[in-house]
Structures are given as C-alpha cells and as structure tokens.
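Worksheet: one structure, shown below.
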Ligand code: GLA
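In this note's numbering, the protein residues as written are 1 to 400.
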C-alpha cells in the first residue's frame, strides 16, 4: 500500500511507531568510547576506496575486530562536487560509497565519514553548509554509521563574516550549526554516532551533549610525538565529570605505530587514552603494522580499562616532578592506576616513589601490571623504575 493512500490517522500512527524506536536507539550509540580506525593520521589526503577496504580487512585479520575495533572511518578528502540538485558526489578516489559501506558492513564492521558545517572542509573539499539535511540523508542511504563534523571553514566563512568581532555571537552560530546537523541526522532514523571536531572551543564539553554530540574533540590536532600526545593528554585533566556513557571527551585519534614513537611511548599513549575513556581510533597503516604495534592495540586488559562500562574518565591524582599518577574508578569497585614518566632524562639513580595514600589507598595492595600481566604487591613509598616516557599501568581489583 502506498503511504499517500492511507488515512491521516493511520499515517500518524505509523510515523509515531516508526519514530519512537529511533529515539531510544539514538541514545544507545557510543555507550562506551568508540573504537575503530580513522584514515587521517597516517594516510591524510591519500585515503581511497582500496585503502579503506584494506583497513577493514586488516581490522579483522589482525584480531582488532575481536578486541573491539568496529568503526572504519573515512576522514577528509572523499568529497567530489554537488550536482545541479545539490546532491554531493564522491570524488574519483571513492567510485561507489554505497558499495564500500556494504563491503565494510559485510565484515561485521561499521563505517564512518567526515564533513564540515562550513562551505569547505579543512582540506578544502566540499562541506555541508546549506545542504545539511540532504547530506545526512545521503549518508543514511549509503549506510553510514558515524559522522565527524569538523568546524574549519565555518569559522572564517560564517562566524567571522556574520558576527565580526563578536565572539559570543560567533559561538552561538557554531552551536546552531552543530544542532542543525544533529537534527538532520536524527531525521534520517538511522543511528549515527555524532563526533564534534571544533578543537575544544567555547568549553565544548559543557554543551556538546545538548547538540547531540557523542564525542567532542577537546584539543587541536595530535602529532606522532610524545610532546603533542602529552599536551593533548594534559588538557583532559579536569574534564572527567563531562564523560559518561554516550558522551566522551576526545583528545584526538591514536598515533600508536606512527612517526618515531618508541615502544614505551606507544604503550604510554595507549594506556593514557584508556585511562581517559578516550575513543580508541587507530590512526596507523594497518596493512604494514608490526606485530609489536598490533600487540599494543589489542591488549585486552588495557582495552577493558578504556571500555569499562561505568564510563568514568580517569583523573590526575598527583604529580611529583616529571612523574604523574592518574587513577580511574572501574566497575565492580576496581581501580586503574597509571604511573607515567614524562621526563626525558630520569634514570634509576632517582627512582620514583609511589605514594598510595595520595590517592586514598591504605596499606599494601595487590595489583596486576597490564603490560607484563604479572601480579605485584604495591606498598606505600615503593620505588619504581620507569624509562623515559614509559608507563606502569595497574589494575587493582580490590583497593583497600
Ligand atoms: C582537521 C581535523 C583533523 C582532520 C583534518 C582533515 O585538522 O582536526 O583531525 O580531520 O582536519 O582535513
């Protein structure tokens, strides 16, 4: 039966029941921080259809899928031109987005895409300004499950042009732009994770959930070096109360396996993102991933910290010179503790001393080292040796 031949009351009943389940589905995405892969950090503008298929294949073959990595996210530079009806087409690197989405789905994975509320994306490709509903419908028709929405040209082209020298008015324009895309996504009826990328402007953690954000970048772009990783990590201190199931602070995608990061630095980066309940979006070349990088990305114990169902982000418990101690409350009353050596030149001549009492524990504690898998006993003031930029990540099942 065609919809138009139904009486109005029957039609409203159908619409009511069609729309209702979606509202609950929409709240059900990203109940734990999204895990997957994103093309930008390694491939940047070189991302293409075969590369995304290869990433999906590798997520399965490497065991990453079994470890929880589900989203295969295409970042910037997939966009082509709009036709005379305003419909956006892919560029030559992506001949058939629907077929690509079907392929990713056939692997039991989900697929993400990228756009901007401005006229152009950060890399100068076509943005969604004025075509929000049309683009959201297109994503849904392709079967897209995740959208990263990156402010970029909206700043000069809309905020600065429409509200020159008026930052509060500019921020309101920005909030409205994110709300507009959220409504457009909701109207599709498809659950789509909504990832805000506007670098933390205007205390985004305070308002992102009200514009539909499931995660929101809190910083500028990460780089594959420990200074950038540490800077982004530090900016999460004080944001723990804003994270909860469905709503996550995003210190940016992973650089594990990229650049010149040492094994210690890769471990530290991954451990700290887990402590922060951060999205775990691998950003490396999965096809040429070394086994030691795969082992880091698939460490189940560390992933279990990140994905803990309580969704409580960790906090910096104390700092002693170059050593930082972060703690995270986990379900079942357990506690994760990360001890991070941020220094470049600290040696065993000056070991670090761990003071359990500084985060409320009293007396010896049994803990598991999540990188060696060994059980250990912690005691007040115990000496710890950590090489430069390395981490000790512990799980205390029954803290006392
Ligand atoms: C911005 C974002 C990056 C990436 C690029 C793509 O810089 O912050 O994560 O998406 O745009 O152009």
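Glycine is no exception: its CB is placed at the ideal position from the N, C-alpha and C atoms.
The model shown is predicted, which means the values in this text are computed figures rather than measured ones.
Might you give, ordered along the chain, the residues of its own chain that have their beta carbon closer than 8 angstroms to the beta carbon of residue i, omitting 5 neighbours on each side?
i: residue 51; result: 39 and 43
i: residue 262; result: 389
i: residue 420; result: Only positions 1 to 400 of the chain appear in the structure, and residue 420 is not among them; the question remains open.
i: residue 65; result: 59, 107, 108 and 109
i: residue 24; result: Confidence in residue 24 is poor, its pLDDT being 38 and thus under 50, which makes the residue's placement unreliable; the coordinate value appears in the next sentence. None.
i: residue 377; result: 364, 365, 366 and 367
i: residue 45; result: 76, 77 and 123
Could you check whether the Cβ of residue i sits closer than 7 angstroms to any heavy atom belonging to the ligand GLA?
i: residue 248; result: no
i: residue 114; result: yes
i: residue 48; result: no
i: residue 123; result: yes
i: residue 75; result: yes
i: residue 221; result: yes
i: residue 150; result: yes
Which residues mark the beginning and the end of the alpha helix (DSSP H) in which residue i is found?
i: residue 284; result: Residue 284 -> no alpha helix (DSSP H), and no H or E assigned at all.
i: residue 268; result: 263-275
i: residue 186; result: 167-187
i: residue 106; result: 97-106
i: residue 234; result: 226-234
i: residue 66; result: 64-67
i: residue 248; result: Note, residue 248: premise wrong, no alpha helix (DSSP H); beta strand (DSSP E) at 248-250.
i: residue 138; result: 132-142
i: residue 380; result: Element bounds for residue 380: n/a, residue is neither H nor E.
i: residue 206; result: 204-207
With respect to the beta strand (DSSP E) encompassing residue i, which residues constitute its N-terminal and C-terminal limits?
i: residue 89; result: 88-90
i: residue 326; result: 323-329
i: residue 149; result: 146-150
i: residue 123; result: Note, residue 123: premise wrong, no beta strand (DSSP E); not H, not E.
i: residue 43; result: Note, residue 43: premise wrong, no beta strand (DSSP E); alpha helix (DSSP H) at 40-43.
i: residue 93; result: Premise fails: residue 93 is in no beta strand (DSSP E) and is neither H nor E.
i: residue 337; result: 335-341
i: residue 72; result: 71-73
i: residue 216; result: 215-217
i: residue 79; result: 79-82
i: residue 353; result: 352-354
Which class does residue i belong to by DSSP, given the choice of helix, strand or coil?
i: residue 297; result: helix
i: residue 394; result: strand
i: residue 320; result: strand
i: residue 198; result: coil
i: residue 24; result: Any reading at residue 24 is ruled out, since the residue's pLDDT is 38, under 50, leaving its predicted position unreliable.
i: residue 58; result: helix
i: residue 369; result: strand
i: residue 309; result: coil
i: residue 346; result: coil
i: residue 425; result: This structure leaves residue 425 out entirely; the chain is present only between 1 and 400.
i: residue 253; result: coil
i: residue 46; result: helix
i: residue 110; result: strand
i: residue 158; result: helix
i: residue 357; result: helix
i: residue 315; result: strand
i: residue 244; result: strand
i: residue 302; result: helix
i: residue 52; result: helix
i: residue 332; result: helix
i: residue 211; result: helix
Spatial neighbours of residue i within its chain, please: C-beta separation below 7 angstroms, excluding the five flanking residues on both sides.
i: residue 317; result: 325, 326, 327, 358 and 359
i: residue 259; result: 224 and 225
i: residue 344; result: 388
i: residue 361; result: 399 and 400
i: residue 26; result: Confidence in residue 26 is poor, its pLDDT being 46 and thus under 50, which makes the residue's placement too unreliable to answer from.
i: residue 81; result: 89 and 126
i: residue 268; result: 340, 389, 390 and 391
i: residue 229; result: 222, 255 and 269
i: residue 162; result: 173
i: residue 70; result: 35, 36, 109 and 110
Should residue i be counted as a contact of the ligand ATP given a C-beta to heavy atom distance under 7 angstroms?
i: residue 40; result: The ligand content of the structure shown is limited to the ligand GLA, which means the ligand ATP is not among them.
For residue i, which residues in the same chain have their Cβ closer than 6 angstroms to its Cβ, ignoring the five residues on either side in sequence?
i: residue 114; result: 75, 76 and 148
i: residue 244; result: 311
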